[in-house]
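Colleague:
In this note's numbering, the protein residues as written are 16 to 327.
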């Protein structure tokens with residue numbers, strides 16, 4: 016992998032977890048107008064009511080295909096009526112982190128000690144990988160399984176191409192024009208992210224490879240199906256989509272330490288929001304909300320007043 020591609024990977028690491036913003040623009044209207052406007056945006060959304068306020072939780076799916084349009088202007092107007100906004104984890108990537116990735120990136124992008132895929136994969140997995148290599152005219156034999164998985168999802172399925180605005184993008188653009196307090200849900204140091212990646216053994220990425228191969232074997236139609244399910248508020252279909260399954264089974268979400276930290280940040284931040292008066296708007300990765308044992312399951316188990324799409 017050349018330096019240009021390593022730089023792109025460094026940037027991807029810094030934004031894959033979150034995109035923090037600073038403020039939002041106020042619009043007239045009461046709480047109910049904000050709620051109705053937000054729900055009409057086309058993004059799955061849940062309303063959690065408390066005695067003193069409302070928390071609007073947007074289930075974000077990054078890389079929404081342009082072929083499945085939604086109404087980001089409505090989310091923008093709704094966000095302008097919030098008293099506070101919570102967005103994703105801020106990844107603090109320093110120049111030193113980027114240099115480390117450039118000069119030591121080979122340890123991340125390739126299998127260790129000159130090993131090849133056959134040293135880790137059983138016969139069935141290896142046969143599937145060989146078939147995918149032939150289909151796309153690629154050689155994945157020496158590549159780290161996480162890098163192979165990212166290549167299958169981002170380049171072969173091209174799920175990040177021809178996309179429109181994400182919910183975070185909409186809020187960020189409006190934030191630059193407004194004055195509503197906004198905070199990232201938490202922070203993760205780039206050094207810690209890289210330490211975590213470099214320490215991971217190839218075996219830990221095999222479930223990610225399995226899911227990425229399954230998605231690639233089906234083909235690009237799953238990208239559009241995922242987008243349609245999201246804009247159609249069919250959250251179970253989003254979660255069952257092979258592309259979403261693959262993204263959820265890859266780093267950082269499956270890492271016992273980093274994945275747990277990212278999820279825990281959302282639980283803490285939303286608990287704090289429930290104690291605040293007025294309207295809080297939070298843009299949360301949909302898998303963090305709707306996965307088994309996720310935030311929505313936890314809210315339901317606590318008997319909170321939740322309204323919104325079915326997530327099971």
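Glycine residues also receive a C-beta, built at the ideal position from the N, C-alpha and C atoms. No experiment lies behind these values; they were computed from the predicted model shown.
Below 7 Å CB to CB, which residues in the same chain sit around residue 182 once its five sequence neighbours on both sides are set aside?
Modeller: 58, 73, 75, 90, 298
Colleague: Taking DSSP's pairing of strands, which residues face residue 80 in a bridge?
Modeller: 178
Colleague: Counting only runs of 4+ residues fully inside the segment 116-147, write out the alpha helix (DSSP H) ranges in chain order.
Modeller: 121-124
Colleague: Could I get the ranges of all uninterrupted alpha helix (DSSP H) runs contained in the segment 242-280, with 4 residues as the minimum, in chain order?
Modeller: The segment 242-280 contains, as complete alpha helix (DSSP H) runs of 4+ residues, the segments 250-255, 257-263 (chain order).
Colleague: With a threshold of 8 Å on Cβ separation, who are the neighbours of residue 82 within its own chain once the five nearest residues in sequence on each side are excluded?
Modeller: 177, 239, 242
Colleague: Tell me, please, which residues DSSP counts as bridged to residue 321.
Modeller: 63
Colleague: Rounding to the nearest angstrom, what Cα-Cα distance links residue 324 and residue 80 in this structure?
Modeller: Rounded to the nearest angstrom, the two C-alpha atoms are 21 Å apart.
Colleague: On the CB-based measure, 16 or more other CB atoms within 10 Å of its CB, does residue 192 come out buried or exposed?
Modeller: Under this definition residue 192 is an exposed residue.
Colleague: Count the CB pairs spanning the segment 216-225 and the segment 117-137 that are closer than 8 Å, and state whether there are at least three.
Modeller: yes
Colleague: Can you tell me which of 308, 293, 306, 302 puts its alpha carbon nearest to the alpha carbon of residue 62?
Modeller: 293
Colleague: First and last residue of the alpha helix (DSSP H) that includes residue 301?
Modeller: Following the DSSP letters along the chain, one finds residue 301 inside the alpha helix (DSSP H) bounded by residues 301-305.
Colleague: Going by DSSP, name the residue or residues bridged to residue 198.
Modeller: Paired residue(s): 101.
Colleague: Would you report the Cα separation of residue 170 and residue 153, rounded to the nearest angstrom?
Modeller: Those two C-alpha atoms are separated by around 12 Å.
Colleague: Taking the C-alpha atoms as reference points, what is the distance between residue 158 and residue 275?
Modeller: 27 Å
Colleague: Can you tell me the Cα-Cα spacing of residue 257 and residue 268, whole angstroms?
Modeller: 16 Å
Colleague: To the nearest angstrom, how far is the alpha carbon of residue 35 from that of residue 180?
Modeller: At residue 35, the pLDDT of 32 sits below 50, so the modelled position is not reliable; the number obtained from the coordinates is stated separately. If I take the Cα positions, the gap works out to 15 Å.
Colleague: Which one of 186, 310, 66 has the shortest CA to CA distance from residue 88?
Modeller: 186
Colleague: Please classify residue 300: is it buried, with 16 or more other beta-carbons within 10 angstroms of its beta-carbon, or exposed?
Modeller: buried
Colleague: Do you know whose CA, among 250, 289, 320, lies nearest residue 307's CA?
Modeller: 250
Colleague: Does DSSP put residue 158 in a helix, in a strand, or in coil?
Modeller: strand
Colleague: For residue 204, which of helix, strand or coil comes out of DSSP?
Modeller: Reduced to three states, the DSSP call for residue 204 is strand.
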